[in-house]
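The block underneath contains the structure these notes are about, expressed in structure tokens.
Here's what the structure looks like:
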């Protein structure tokens, strides 16, 4: 399993030049990273990995040839990269190594906020320490809570403003990424951040999984050899007489044709009664739910879920309106609570891939998936607390320029069952029997 990368800033306030060495975890050999040293007052930026250890070492003065430690000894300090972000290492003049990160900074801010409120509370008790009544104690507690709430609210407002600003930058950059990557016919697939293995209990095979994004509410995985040729053939055969123009959700709870989505599709009901006999569509569908539970930790069953969807795109060259699917989210993707019965995960399985085009592109996560026959792209957009993704799984099907693209898609819902099927809700997520007249 690959280690997690972290950006580290090393601030030299020691009064001397310093060198930064990486410490080999097995041999303990020191390897110079600072090429060759960091001046006093300078900041050295380093990209490393969680658990990696380093030594900061003082260098002798250029004029005196001496260090400033006791007996002119050269001083050193050590630090280890942790799992947090925004890590800053400060080497002070007394050679204390101060290691800060987003968590320690938040803790310090909280302590500062509470110290002000504590001061106010203590002041209100001046002269009353011998005769504190229950009423007085409650008043002090209420004033302490009121003070803390006010200060925390201000900090949250500032933080939210910064988050919104960064989100706007991210989505703007995502729009540029979308235009660039879909237009680049030679664009390669994004490198995975990690790898894992999924054991398919039905076939007994271990499937290789590339982890492209791994956030609590936003996961993107690419699974090798997920769908077989026999399963693809069964889906295509079942879909052939049912293919029709693909639609998108409208603002009235229904669906409509749209220039944003050019393709043919057909919903295929899963023959669960033939699963024991090895029906390829039922076997495939079971694998989808097994993987969904593996990746998300949920306990999703097939009862009440949407049909498997066969979707087909045809390349017609660089035309004005090619077969494609513009950027969209399959479920809620604005960070709101998940609505019961709504989608929370998607599996896209590639049966036929085009010669040019047809990639699956996640513009806000800088993840570009080139389709390969038999491969699947899985993505989920809800965390274990029921909070939805904030746009990281917004995706598109890039234009198919040459050849055909045939995929099988399963949209997975949470909150459906035998009595509350997926079609009990409209496309706005409102249950029909709750709409009234």
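Residue numbers (my numbering): 149 to 585.
Even for Gly, the Cβ is constructed at its ideal location relative to N, Cα and C.
Distance between residue j and residue i (C-alpha atoms, nearest Å)
i	j	result
residue 216	residue 262	39 Å
residue 222	residue 245	15 Å
residue 527	residue 159	39 Å
residue 150	residue 471	Caution applies to residue 150, whose pLDDT of 48 falls short of 50 and renders its modelled position unreliable; the value that the coordinates give is listed next. Cα to Cα, the separation comes out at about 37 Å.
residue 342	residue 364	15 Å
residue 248	residue 199	15 Å
residue 305	residue 355	45 Å
residue 585	residue 298	Because residue 585 carries a pLDDT of 47, less than 50, the predicted location of this residue cannot be relied on, and the following value inherits that uncertainty. Whole-angstrom Cα-Cα distance: 44 Å.
residue 336	residue 329	9 Å
residue 175	residue 153	22 Å
residue 370	residue 518	10 Å
residue 211	residue 182	21 Å
residue 229	residue 195	10 Å
residue 498	residue 173	42 Å
Residues of its chain near residue i, where Cβ-Cβ distance is below 6 Å and the 5 sequence neighbours each way are ignored
i	result
residue 386	416
residue 190	160
residue 540	366, 512 and 513
residue 525	370, 496, 508 and 517
residue 155	195
Buried versus exposed call for residue i [16 or more other C-beta atoms within 10 Å across all chains shown]
i	result
residue 347	exposed
residue 253	exposed
residue 231	exposed
residue 220	exposed
residue 345	exposed
residue 286	exposed
residue 435	buried
residue 449	exposed
residue 405	exposed
residue 184	exposed
residue 414	buried
residue 566	exposed
residue 197	exposed
residue 379	buried
residue 282	exposed
residue 259	exposed
residue 456	buried
residue 547	buried
residue 290	exposed
residue 284	exposed
residue 555	buried
residue 465	exposed
residue 309	exposed
residue 558	buried
residue 177	exposed
residue 407	exposed
Beta-bridge partners of residue i, as assigned by DSSP
i	result
residue 412	393 and 460
residue 476	543
residue 182	According to DSSP, which records beta bridges pairwise, residue 182 is partnered with nothing at all.
residue 228	201
residue 196	154
residue 485	535
residue 159	191 and 238
residue 342	359
Option nearest residue i by Cα separation, candidates the options
i	options	result
residue 206	241, 376, 179 and 230	241
residue 432	375, 441 and 565	375
residue 398	340, 391 and 409	409
residue 491	255, 564 and 412	564
residue 214	180, 520, 315 and 165	165
residue 468	382, 549 and 156	549
residue 495	258, 441 and 233	441
residue 157	233, 451, 179 and 210	233
residue 523	292, 332, 320 and 372	372
residue 294	265, 243 and 506	265
residue 507	333, 556, 438 and 359	333
residue 192	179, 458 and 168	168
residue 396	186, 163, 575 and 269	575
residue 403	581, 218 and 573	573
residue 485	179, 318 and 532	532
residue 580	439, 162, 400 and 465	400
residue 353	271, 381 and 439	439
residue 473	256, 358 and 544	544
residue 504	331, 315, 179 and 227	331
residue 426	493, 351 and 358	351
Other residues of its chain near residue i: CB distance less than 7 Å, five sequence neighbours each side excluded
i	result
residue 224	203, 204, 205 and 206
residue 483	535, 536 and 538
residue 393	405 and 412
residue 389	none
residue 430	418, 419, 420, 422 and 423
Close-in-space but distant-in-sequence residues of the same chain around residue i (CB under 8 Å, 5 per side omitted)
i	result
residue 552	460, 461, 462, 463, 500 and 502
residue 577	480, 487, 489 and 490
residue 542	322, 475, 476, 477, 481, 510, 511 and 512
residue 570	452, 453, 454, 489, 561 and 564
residue 338	360, 514, 515, 516 and 517
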